[in-house]
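This report refers to the structure that appears directly beneath it.
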């Protein structure tokens with residue numbers, strides 16, 4: 037079984053993503069130091085469909101990077117919906133300004149630049165969908181901050197929770213330990229119901245009770 041071929045089969049037999057996302061992927065790989073941080077097309081298809089399934093209107097994304105997942109989320113929104121996205125590094129604003137306008141989704145996206153935990157505390161909005169994809173060591177604290185801001189039945193997704201398979205190693209490095217600790221914290225948390233899917237680097241999907 038060839039995993040890469042299976043992946044390509046899944047993407048090619050899912051609903052196509054807009055061409056501007058392919059352009060953004062190409063430019064991200066050409067102009068950034070860590071292009072692998074960009075979400076995969078399969079993740080993008082999943083995010084867009086989940087937003088549509090849940091009829092989300094108020095989305096929070098933590099970790100914009102160059103904006104690939106941001107636009108996938110925004111493209112699935114209800115007409116009056118909004119994506120609030122937080123990016124620590126303002127240097128990526130070049131991509132945001134260029135591609136959010138090109139996509140026609142700019143009016144549905146509000147960008148914040150700064151520390152994710154601080155911005156979360158200062159946003160006075162209730163969310164029905166959250167995508168966590170920034171500092172993994174902050175996941176646990178961010179979940180605690182988010183639970184008072186996410187509506188009952190709302191969805192929280194956290195990315196990279198399998199951490200390249202290192203999560204199964206007996207001797208875990210510091211980052212892997214943080215992620216493992218977070219996964220255990222989520223499973224035991226009385227406020228959420230969850231499932232972990234092995235899509236790319238692992239996604240923990242939670243529903244707020």
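In this note's numbering, the protein residues as written are 37 to 245. Glycine included, C-beta positions come from ideal geometry on N, C-alpha and C. What you are looking at is a predicted structure, and each value in this text was computed from that prediction instead of being measured.
Sequence-distant partners of residue 106 (beyond 5 residues in either direction) whose C-beta falls short of 7 Å from its own C-beta, in its chain, are 97, 100, 119, 121, 145.
Here the C-alpha atom of residue 180 lies approximately 13 Å from the C-alpha atom of residue 194. Taking one beta carbon from each stretch, the region 84-94 and the region 150-164 have 3 or more pairs nearer than 8 Å; the two touch.
One alpha carbon belongs to residue 219, the other to residue 138, and they sit about 37 Å apart.
The C-beta separation of residue 198 from residue 244 comes to about 22 Å, leaving the pair out of contact by the 8 Å criterion. Secondary structure of residue 76 (DSSP, three-state): coil. If you ignore the 5 residues before and after residue 238, its C-beta comes within less than 8 Å of the C-beta of 195, 196, 197, 198, 199, 203, 232, all in its own chain and listed in chain order. The beta strand (DSSP E) runs lying completely inside the region 117-192 and spanning 3 residues or more are 118-123, 145-149, 163-168, given in chain order. At the C-beta level, residue 51 and residue 79 stay beyond 8 Å of one another.
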